[in-house]
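Trainee: Have a look at this one.
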Amino acid sequence: MSELNDHPESAVDLHGVEPHDAPWPDDTAATGDAAVDSVLERLAGISSVPVFEHSGIYAEIHDSLMASLDDEER
Numbered sequence: 024m025s026e027l028n029d030h031p032e033s034a035v036d037l038h039g040v041e042p043h044d045a046p047w048p049d050d051t052a053a054t055g056d057a058a059v060d061s062v063l064e065r066l067a068g069i070s071s072v073p074v075f076e077h078s079g080i081y082a083e084i085h086d087s088l089m090a091s092l093d094d095e096e097r
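FYI, the numbering for the sequence shown is 24 to 97, going by our numbering.
Take a look at the structure:
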């Protein structure tokens, strides 16, 4: 069972930026592969989605990318 960290001084310092204040990337770089780029576009709005939903979105993106790779191998 995990416990809340009641000691904020033990948080990792990201060059003066607290982990919860780290900037979110504005966009993703295009890869040049239309199938991959369309899947990665789903990351554009993830900062507005509650954090507890992120793992599901990442899993869907991973599965879509894997399916795209599998299609190319055939």
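Virtual Cβ for every residue (Gly too), placed ideally from N, Cα, C.
Output yes or no for whether 8 Å exceeds the beta carbon distance between A67 and S91.
Mentor: No, Cβ-Cβ distance for A67 and S91 is not below 8 Å.
Trainee: Classify D86 as helix, strand or coil using the three-state DSSP reduction.
Mentor: DSSP places D86 in helix when its eight states are reduced to three.
Trainee: Rounded to whole angstroms, what is the Cα-Cα separation between S61 and D86?
Mentor: Rounded to whole angstroms, S61 to D86 spans 13 Å at the Cα level.
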